[in-house]
Ligand SMILES: [Zn+2]
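Residue numbers (this note's numbering), protein chains in the order written: chain R, 291 to 727; chain D, 3 to 633.
What follows is the structure, given as structure tokens:
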């Protein structure tokens, strides 16, 4: 920490005049009292009038720079030397798990001097913060990328799939990917298709409460993910998150059937239309579904990592404007996944625009905005009209998965028929034979 | 030895008062403050202690946590939402609570900061679902006026209250979430040297200043005091959570004895030439169990072991009491209990426990202990013995230094018990979910106008204006009834001392007689006393009416008066009653003359049951008695 991070305008001017920096201990004379504290960084969007001091008792206060009579440097700041404690020794016979981080922090430490939160990056740090890991697996953590999950794009999925392919061929017994939770479901679906036939489990894991707080769900989710990846006799792509609001059971959801259903709670992720694939509690894995692929021995695993980004996901709503739909369909996309109402409908006056799009070579796939249930376009006239136009119904595929799959199908087909065939084929349990929920 | 004096031992006491605000809602969400004992929902959580401080990580502590307990949070939807469950980020702090805290700060002459930053203070005992308490400094400095002195204020903070502890068993700690998130102001005062009684009075004065703002909650559990107590040469001991004011002086007195007692023990040890307490740990082998004091034998089974710490050359010191009830043995037992074992037995009490000299000799030989070594014995589960031994040894070794830095809790009798070692520097970092709050000059100015007159002045003014004693005025103030009192006196014209006695004494009597506090409302008092001033009831009827309504047997004073049949009696009727009683008791009057008056007065009043004014009865009765006496 150095410089005047986050300070601008009046406050920065004052600090520069006295030559003090973030991390320095300074004495501020406000006219009525003298206050000693450590200068801490300011958030970039905060106003330009206040300086922030961390008092010896740990509290921060903001002081109006315009009211400050003078400043005095008491002590230059020191770089805090963090000594990572010796991690517990891991046994050589434990399974090997690659922990690939994509952003967000599954483990972090706080610099109480300035309040900054630092992610734990090395295996050593990870072991030190989550020491349970050392008795579960030999982990190799790597920072693959560091972005907020809302910024994840098809190109990231492709690179991630390639990296997992490499890891599998390097001989890891399982792969754990840490991921921000916002778009974790999309990434899970993308990897489910790109890694079709993968011989080991890939577990995507995140946290709903940030890892710097003692109550974070990050550590338990990670422990369960690493444990599962190292020993479960399953292959395929899963999402591991809290099953309920308690710190006991972790659910493993199929990558194609999982959805984030709550903005903030620990149990935001639910399997749609099915039970979770498995539940984990204190190291015990209970399988909840009987059709899951087991681990396989393969010579060399090859992924199908390509995605074609020219697809849109469109939610139908009452009064959807024809202009709007025409603009969307005319923006250069090759396919659209419609989140129709109910069994898979849109308003009649817009059907002609879909027909026109299809006639020009576009693809229209129909999922439902109901979240639960099966698309069935034979029941009502609108549905039948849409079918006649060439709209492809996607039965029990959830819309987010359908959107991702359309990108993958476009990139991995050479003809119109092949795209539709791929979309209709059940590749990673995106279709359910029986609807039970 | 008698209790030492504050100045002699260099007593310093810093008060920290935690007071709930009366905003009626929580600080970081919109939940109301509701207390019920029904909690249909539970969640089970674990907090990871050292995750956030890699620089000072203690792997042993982490592993201890791994074996550790769950926290079970019990909640209902009336008083808690996802914020308390740590399932949703906090909302912006309640403006009303911030304004109340600023008002309190101004009443304490404290200087409000220009920008409030909410912090996360790490608390991993489970009492906060998040693992931290949200807290912010509102103001710095200031002072409290106390009998001509100024007691310095260090800071005024606004924070969220913790979850309520419901209990603990081997597997879990249980908490209720209804209290979590209620706004608290914390006032920390400079440490002062004063007598235990004065410390208590300072706390009382501070409490009154808080109440004078009208922004704080009342009732048990709404105010908690922490006391930071030290004596010369000793560490600061924090006594946490004193809820009753009357306990403060007792706690301070006990700590004075305990801390100076520990210093005396340390001095005696050093006098003996001991520089460091030498200890070794020995497990007592089963073949020796028959030589143990009976009290230990009964606890031993396959899961348990008997541990022994041999402390070289300090026989006699474990049971030595520099003050009555203060001894190292008790300190060690408290440490043992805080580590969830029943206690300890030491060699200084072998005789008292009826252990014969032969058994003791056998034990000493087997444990390689000399005559002048002290033995500390305990029974515990095998896997916990190391932790407990270490805790006991650490405490034992500190006895040569004196007073260890500890967090202690008060007992119901005003003693204190060891809870845990004092935490190091507070670990805090910013609550990034809440933007900082700029406090402008305008905000301060508008709140300044609401700063109350100091309570001592209010009490003086009311006392002289309405001709009541200062004590009485203070009682009215403490019960929050000053305004009601002056309003009733002004509107009814009834004399001040009488109105005060109704509000203070008559109400207290009614409560003792079974009235419910919630039914004795301000408006009941107002209406009843205005009926009196309109002569629609008598003075004597006032207590009866309050009781009737207070018990829920009448919904209004009017109805109570009807039900009781205590509308004033017409004068003729009063005369008739008096005449009849006088006739019946004519013998008494002829025998005792004027002296019969008070007995007969009582009988008449009983018969008229509040329907006749006392002074009227007295006049009529006097007249009748005189008539008879004169013949
Ligand atoms: Zn709430």
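Glycine included, every Cβ here is placed at the ideal spot set by N, Cα and C.
### Query
Shorter than 8 Å from the beta carbon of residue 66 of chain D to some beta carbon of chain R?
Indexing the second chain from 1 puts residue 66 of chain D at position 64. Any reading at residue 66 of chain D needs caution, since the residue's pLDDT is 49, under 50, leaving its predicted position unreliable; the model's value is listed next. False, the Cβ-Cβ gap to chain R never drops below 8 Å.
### Residues, ordered as in the chain, of the stretch 660-688 of chain R that lie near chain D by beta-carbon distance below 7 Å
none
### Task
With ligand 1 as the reference, list in chain order each residue whose Cβ lies under 7 Å from any of its heavy atoms.
D/28, D/31, D/32, D/33, D/82, D/83, D/85, D/86, D/183
### Task
Quick one: which residues of the stretch 483-508 of chain R get their C-beta closer than 9 Å to a C-beta of chain D? List them in chain order.
498, 499, 500, 501, 502, 503, 504, 505, 506, 508
### As assigned by DSSP and simplified to three states, the class of residue 461 of chain R
Along the first chain, read from residue 1 onward, the residue named residue 461 of chain R stands at position 171. Residue 461 of chain R falls in the coil class under three-state DSSP.
### Query
Shortest alpha-carbon distance to residue 630 of chain D belongs to which of D/616, D/583, D/610?
Here residue 630 of chain D refers to the residue found at position 628 when the second chain is read from its first residue. Closest option to residue 630 of chain D, Cα to Cα, is D/583.
### residue 319 of chain R - DSSP class collapsed to helix/strand/coil
On the first chain, position 29 is the one that residue 319 of chain R refers to. Here residue 319 of chain R sits in strand by DSSP.
#### Entry: Buried or exposed by the 16-neighbour rule on C-beta atoms within 10 Å, applied to residue 634 of chain D
In the structure as shown, chain D starts at 3 and stops at 633, and residue 634 of chain D therefore has no counterpart that could be examined.
### Query
Using DSSP with H/G/I as helix, E/B as strand and the rest coil, what is residue 645 of chain R?
By 1-based counting over the first chain, the position of residue 645 of chain R is 355. Three-state result, residue 645 of chain R: helix.
### Task
May I ask which residues mark the beginning and end of the beta strand (DSSP E) holding residue 289 of chain D?
Here residue 289 of chain D corresponds to residue number 287 of the second chain, with the count starting at 1. It is not in any beta strand (DSSP E) - residue 289 of chain D carries neither H nor E in the DSSP assignment.
### Query
Since residue 229 of chain D meets chain R, which of its residues come closer than 8 Å, beta carbon to beta carbon?
Stepping through the second chain from its first residue, residue 229 of chain D is reached at position 227. None at all; the shortest Cβ gap to chain R is about 18 Å.
### Task
May I ask you to list, following chain order, the residues of the stretch 116-127 of chain D that have a beta carbon less than 8 Å from some beta carbon of chain R?
116, 117, 118, 119, 121, 122, 123, 124, 126
### Task
Have a look at the DSSP bridge pairing and note the partners of residue 130 of chain D.
For the purposes of this step, residue 130 of chain D is taken as the residue at position 128 of the second chain. According to DSSP, which records beta bridges pairwise, residue 130 of chain D is partnered with nothing at all.
### Query
Going by beta carbon distance, what residues of the same chain come within less than 6 Å of residue 308 of chain R, once the five residues before and after it are set aside?
Within the first chain, residue 308 of chain R is the residue found at index 18, counting from 1. Cβ neighbours of residue 308 of chain R beyond the five flanking positions: 361.
### Message
At a CB distance below 7 Å, what residues from the stretch 29-50 of chain D approach chain R? Give them in sequence order.
### Response
45, 46, 47, 48, 49, 50
### Task
Please look up how many angstroms separate the CB atoms of residue 116 of chain D and residue 27 of chain D, rounded, as I've assumed it's under 8 Å.
The count along the second chain starts at 1 and reaches residue 116 of chain D at position 114. The count along the second chain starts at 1 and reaches residue 27 of chain D at position 25. Wrong, their Cβ atoms sit about 26 Å apart, outside the cutoff.
### chain R contact residues for residue 440 of chain D, given Cβ-Cβ distances below 9 Å
For the purposes of this step, residue 440 of chain D is taken as the residue at position 438 of the second chain. Neighbours of residue 440 of chain D on chain R, chain order: 337, 339, 340, 352, 354.
### Task
Please classify residue 689 of chain R: is it buried, with 16 or more other beta-carbons within 10 angstroms of its beta-carbon, or exposed?
As a working mapping, residue 689 of chain R is identified with position 399 in the first chain. Buried.
### Task
May I ask you to verify whether the stretch 613-621 of chain R touches the stretch 505-519 of chain R, counting CB pairs closer than 8 Å and requiring at least 3?
no
### Message
Using C-beta distances below 6 Å, list every residue in its chain close to residue 365 of chain R, excluding the 5 sequence neighbours before and after it, in chain order.
### Response
Within the first chain, numbered from 1, the residue matching residue 365 of chain R stands at position 75. The residues are 315.
### Task
Measure the C-alpha to C-alpha separation of residue 18 of chain D and residue 161 of chain D and round it to an integer number of angstroms.
As a working mapping, residue 18 of chain D is identified with position 16 in the second chain. As a working mapping, residue 161 of chain D is identified with position 159 in the second chain. If I take the Cα positions, the gap works out to 13 Å.
### Query
CA-CA distance, residue 325 of chain R and residue 338 of chain R?
In the first chain, residue 325 of chain R corresponds to position 35, counting from 1. In the first chain, residue 338 of chain R corresponds to position 48, counting from 1. Distance between the alpha carbons of residue 325 of chain R and residue 338 of chain R: 20 Å.
### Task
Counting only the same chain and skipping the five closest in sequence on each side, list residues whose C-beta sits under 8 Å from that of residue 364 of chain D.
On the second chain, residue 364 of chain D is found 362 positions in, with the first residue counted as 1. Excluding positions up to five away in sequence, the list reads 290, 293.
### Message
So the candidates are D/551, D/472, D/524; which of them puts its Cα closest to the Cα of residue 489 of chain D?
### Response
Walking along the second chain from the start, residue 489 of chain D turns up at place 487. Nearest of D/551, D/472, D/524 to residue 489 of chain D, Cα basis: D/524.
### Message
Using 8 Å as the threshold, is the C-beta distance between residue 448 of chain R and residue 597 of chain R below it?
### Response
Within the first chain, residue 448 of chain R is the residue found at index 158, counting from 1. Within the first chain, residue 597 of chain R is the residue found at index 307, counting from 1. Their beta carbons are under 8 Å apart, which means residue 448 of chain R touches residue 597 of chain R by this criterion.
### Query
Within the chosen definition, does the stretch 253-260 of chain D reach the stretch 411-424 of chain D through at least 3 CB pairs nearer than 8 Å?
yes
### Query
residue 132 of chain D touches chain R at which residues, Cβ-Cβ below 9 Å?
What you label residue 132 of chain D is simply residue 130 of the second chain in a count that begins at 1. Under the 9 Å cutoff, chain R gives 499, 503, 504, 505.
### Query
Beta-carbon of residue 192 of chain D versus every beta-carbon of chain R: anything under 8 Å?
Numbered from 1 along the second chain, position 190 holds the residue referred to as residue 192 of chain D. Residue 192 of chain D does not count as touching chain R.
#### Entry: residue 541 of chain R versus residue 547 of chain R: straight-line alpha-carbon distance, rounded
What you label residue 541 of chain R is simply residue 251 of the first chain in a count that begins at 1. What you label residue 547 of chain R is simply residue 257 of the first chain in a count that begins at 1. Rounded to whole angstroms, residue 541 of chain R to residue 547 of chain R spans 13 Å at the Cα level.
### Query
Any idea what DSSP makes of residue 164 of chain D, helix, strand or coil?
Within the second chain, residue 164 of chain D is the residue found at index 162, counting from 1. Residue 164 of chain D: coil per DSSP, three-state reduction.
#### Entry: Best match in D/227, D/173, D/94 for proximity to residue 15 of chain D [C-alpha to C-alpha]
For the purposes of this step, residue 15 of chain D is taken as the residue at position 13 of the second chain. Taking only the C-alpha atoms, the option nearest residue 15 of chain D is D/227.
### Message
What does the alpha-carbon distance come out to for the pair residue 572 of chain R and residue 539 of chain R?
### Response
What you label residue 572 of chain R is simply residue 282 of the first chain in a count that begins at 1. What you label residue 539 of chain R is simply residue 249 of the first chain in a count that begins at 1. Distance between the alpha carbons of residue 572 of chain R and residue 539 of chain R is about 8 Å.
### Message
Measuring only the C-alpha atoms, how far is residue 496 of chain D from residue 503 of chain D?
### Response
Locating residue 496 of chain D in the second chain gives position 494, where the first residue counts as 1. Locating residue 503 of chain D in the second chain gives position 501, where the first residue counts as 1. Residue 496 of chain D and residue 503 of chain D: Cα-Cα distance of roughly 12 Å.
#### Entry: Separation of residue 551 of chain R from residue 441 of chain R, as counted between CA atoms
Walking along the first chain from the start, residue 441 of chain R turns up at place 151. Walking along the first chain from the start, residue 551 of chain R turns up at place 261. Roughly 19 Å separates the two Cα atoms.
### Task
Indicate whether at least one CB of chain D lies closer than 8 Å to the CB of residue 630 of chain R.
Taking the first chain and counting its residues from 1, one reaches residue 630 of chain R at position 340. Chain D contact via Cβ: absent.
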